[in-house]
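The next block holds one structure in the form of structure tokens; read it before the comments.
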Amino acid sequence: ALSLVIGVNAQKQRIQAPQSMRNIAVEKHAAIDETTNLQTTVNPYVSRAIPQMEAEIGGTVYDLQSNGSSPSNRLELFTDGTVGATWNRGTGPAAYTDRGTGYNYFNGTAWGPAPTNRVETARSGWPAYTKCGATGEAFVSHISGTTPLNFYKRELKGTGEWIGSTIPAPAGASGLLWPRMTSSGPNNEILHVIALTAPTANGGTVFNGQDGAVVYTRSLDAGATWSTPVVLPEMTSDYYVAFGGDSYSLNSVGDNVVLLITDNWTDLFAMTSHDNGETWERTVIWEHPIPLWNNTPITDSIYCPDGAGQATFDHSGKLHVTFGVNRATMEEGA
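When you read off a place in the sequence shown, starting at 1, and then add 5, the result is the number in the working numbering.
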């Protein structure tokens, strides 16, 4: 038995910390009084070479930026060092009739003035922004549970008029909500969009057996035309009852695209494509203990994803995933 244990342990290889960090003494401190100015010595293990810069690029009174997952696809760093940024913007009154996409652009030297209006013509929300074409930019946002998605693009990032169009919901769905968008291909001409078919609670309908289905659509011509939004394989009602808003993220590097589902009540899984969205494969990362759970009361608390998560590829094609974990309980009648 002893030799067996030794043999099993030998299969595990752990990353070795450098010698300089193996014998670091950690000093214990008392609780901090947050009303005082705490003075500490500089951490010798954190680089101070990169300057800490902060800039105010715009404002909002409407403060709901996400319904669950960490907001994604709101910021884009271009290869020339410029940056485009979007956010949910609204200044009131209480109905936030002016809600829509706030946008600002860093030209390599300075940010532009804070926007005074949304980009869209109609009340909108939840923008997702990305590169579009060789020199352009684009974003999607939603209007309501009974309408298509907004799609806005410019041929030259940072300047010019935004040209608007729509991405329709598939037949059988009333509208699309809470989109994500990313681009891929040699000149960022392949655009990928996911969104949630509007659930009944948002004025929508059950779509192919799911009261909130995540659908995928793609454009091969920088947004001029779009494929019909579809539910990807192994994401249908045979596998999942429904998904919630903002419980997913979407990213791409090179020809690799990843959709990460971080819903509280389903498996946490990644859908990956290595051919710009032509084919997809599902990888379950965290298996939910109750398959096809339809919110019926449970007798014990369970661990599940907390709704926040991101996934992306490094330049070698390896997928990296980060997410939070939550513990959930349910009482009958609650």
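Virtual Cβ for every residue (Gly too), placed ideally from N, Cα, C.
First and last residue of the uninterrupted beta strand (DSSP E) at Asn-331: Along the sequence shown, read from residue 1 onward, the residue named residue 331 stands at position 326. Asn-331 -> beta strand (DSSP E) spans 324-333.
Arg-4: first and last residue of the uninterrupted beta strand (DSSP E) it sits in: One cannot answer for residue 4 here, as it falls past the ends of the chain, which runs 6 to 339.
Beta-carbon contacts of Thr-40 that lie in its chain and below 6 angstroms, excluding the five residues immediately before and after: Within the sequence shown, numbered from 1, the residue matching residue 40 stands at position 35. Since pLDDT at Thr-40 reaches only 32, below the 50 mark, its modelled position is unreliable, and no value is offered.
Exposure label - Gly-89; buried when at least 16 CB within 10 Å: If you number the sequence shown from 1, residue 89 lands on position 84. Classification for Gly-89: buried.
Can you say whether Asn-300 is buried or exposed, counting buried as having 16 or more other CB atoms within 10 angstroms of its CB? In the sequence shown, the residue the question calls residue 300 occupies position 295. That one is exposed.
Grab me the residues of Glu-336's own chain with a C-beta within less than 8 angstroms of its C-beta, minus the 5 sequence neighbours each way, in chain order. Stepping through the sequence shown from its first residue, residue 336 is reached at position 331. These residues qualify, in order along the chain: Pro-302.
Proximal residues to Ala-275 (C-beta, below 8 angstroms), its chain only, five neighbours per side dropped: For the purposes of this step, residue 275 is taken as residue 270 along the sequence shown, with counting starting at 1. Excluding positions up to five away in sequence, the list reads Val-263, Leu-264, Leu-265, Ile-266, Arg-287, Thr-288, Ile-290, Ala-316, Leu-324, Val-326.
Whole-Å CB distance - Gly-130 paired with Ala-178, under 8 angstroms assumed: One-based indexing of the sequence shown puts residue 130 at position 125. One-based indexing of the sequence shown puts residue 178 at position 173. At roughly 18 angstroms, the Cβ-Cβ gap does not stay under 8 angstroms, so Gly-130 and Ala-178 are not in contact.
Quick one: give me the first and last residue of the beta strand (DSSP E) that Trp-345 is part of. Summary: the structure shown does not reach residue 345, with the chain confined to residues 6 through 339, and so no result is reported for it.
C-beta atoms of Arg-79 and Pro-120 nearer than 8 angstroms: For the purposes of this step, residue 79 is identified with residue 74 of the sequence shown, where counting begins at 1. For the purposes of this step, residue 120 is identified with residue 115 of the sequence shown, where counting begins at 1. No, the Cβ-Cβ distance between Arg-79 and Pro-120 is not below 8 angstroms.
How is Asn-109 classed by DSSP in three states: helix, strand or coil? Against the sequence shown, residue 109 aligns to sequence position 104. Strand.
Leaving out five residues before and five after Asn-72 in sequence, what residues of the same chain have Cβ atoms less than 6 angstroms from its Cβ? Working through the sequence shown from its first residue, we reach residue 72 at position 67. Excluding sequence neighbours, Asn-72 sits near Gly-250, Asp-251.
Tell me whether the beta-carbon of Gly-180 lies closer than 8 angstroms to the beta-carbon of Glu-160. Here residue 180 refers to the residue found at position 175 when the sequence shown is read from its first residue. Here residue 160 refers to the residue found at position 155 when the sequence shown is read from its first residue. No, Cβ-Cβ distance for Gly-180 and Glu-160 is not below 8 angstroms.
Does the beta-carbon of Tyr-134 have 16 or more other beta-carbons within 10 angstroms, so that it is buried, or is it exposed? By 1-based counting over the sequence shown, the position of residue 134 is 129. Classification of Tyr-134: buried, given that the 10 Å Cβ count is 16 or more.
Please identify the residue among Asn-192, Val-211, Tyr-110 whose C-alpha is closest to the C-alpha of Thr-151. On the sequence shown, position 146 is the one that residue 151 refers to. Of the candidates Asn-192, Val-211, Tyr-110, the one whose C-alpha sits nearest the C-alpha of Thr-151 is Val-211.
DSSP has Gln-315 in a bridge; who is on the other side? Sequence index remark: in the sequence shown, residue 315 carries index 310 (1-based). Per DSSP, Thr-327.
Among Gly-214, Ile-199, His-197, Val-198, which has the Cα closest to the Cα of Thr-205? For the purposes of this step, residue 205 is taken as the residue at position 200 of the sequence shown. Closest option to Thr-205, Cα to Cα, is Gly-214.
Leaving out the 5 sequence neighbours to the left and right, which residues in its chain are closer than 6 angstroms to Gly-282 when beta-carbon positions are compared? Taking the first residue of the sequence shown as 1, we reach residue 282 at position 277. The residues are His-197, Arg-223, Val-262.
Coarse secondary structure for Thr-65, derived from DSSP in three states: As a working mapping, residue 65 is identified with position 60 in the sequence shown. Coil at Thr-65, not helix or strand.
Tell me the residue span of the beta strand (DSSP E) that contains Gln-320. Numbered from its first residue, the sequence shown carries residue 320 at position 315. Strictly speaking, residue 320 in this sequence is His, with Gln absent from that position. From DSSP, His-320 is part of no beta strand (DSSP E); its letter is neither H nor E.
Cβ neighbour criterion (16 or more within 10 Å) applied to Val-66: As a first step, residue 66 must be located in the sequence shown, where it is residue number 61. Exposed is the call here.
What residues are listed by DSSP as bridge partners for His-197? For the purposes of this step, residue 197 is taken as residue 192 along the sequence shown, with counting starting at 1. According to DSSP, His-197 bridges with Thr-187, Arg-223.
Option in Leu-182, Pro-175, Leu-82 with minimal Cα separation from Lys-136: What you label residue 136 is simply residue 131 of the sequence shown in a count that begins at 1. Among Leu-182, Pro-175, Leu-82, the Cα nearest to that of Lys-136 belongs to Leu-82.
Count the other CB atoms within 10 Å of the CB of Asn-192; is the residue buried (16 or more) or exposed (fewer)? On the sequence shown, residue 192 is found 187 positions in, with the first residue counted as 1. Flag for Asn-192 reads exposed.
Could you name the residues of the same chain whose beta carbon sits closer than 6 angstroms to that of Ile-307, not counting the 5 residues immediately before and after it, in chain order? On the sequence shown, position 302 is the one that residue 307 refers to. Correct list, in chain order: Pro-294, Ala-333.
Tell me whether Thr-205 sits in a helix, a strand or coil according to DSSP, three-state version. By one-based count along the sequence shown, residue 205 stands at place 200. DSSP places Thr-205 in helix when its eight states are reduced to three.
In chain order, what residues of the same chain have a beta carbon less than 8 angstroms from the beta carbon of Ser-321, not counting five sequence neighbours either side? Counted from its first residue, the sequence shown places residue 321 at position 316. Nothing meets the Cβ criterion.
Grab me the residues of Gly-190's own chain with a C-beta within less than 7 angstroms of its C-beta, minus the 5 sequence neighbours each way, in chain order. The sequence position of residue 190 within the sequence shown is 185, counting from 1. Only Asn-281 meet the Cβ criterion.
So is Ala-200 buried or exposed if we call it buried at 16+ other beta carbons inside 10 Å? Stepping through the sequence shown from its first residue, residue 200 is reached at position 195. Buried, by the Cβ-count rule.
How about Ser-146 and Glu-125: do their beta carbons lie closer than 8 angstroms? Taking the first residue of the sequence shown as position 1, residue 146 is located at position 141. Taking the first residue of the sequence shown as position 1, residue 125 is located at position 120. Contact: yes.
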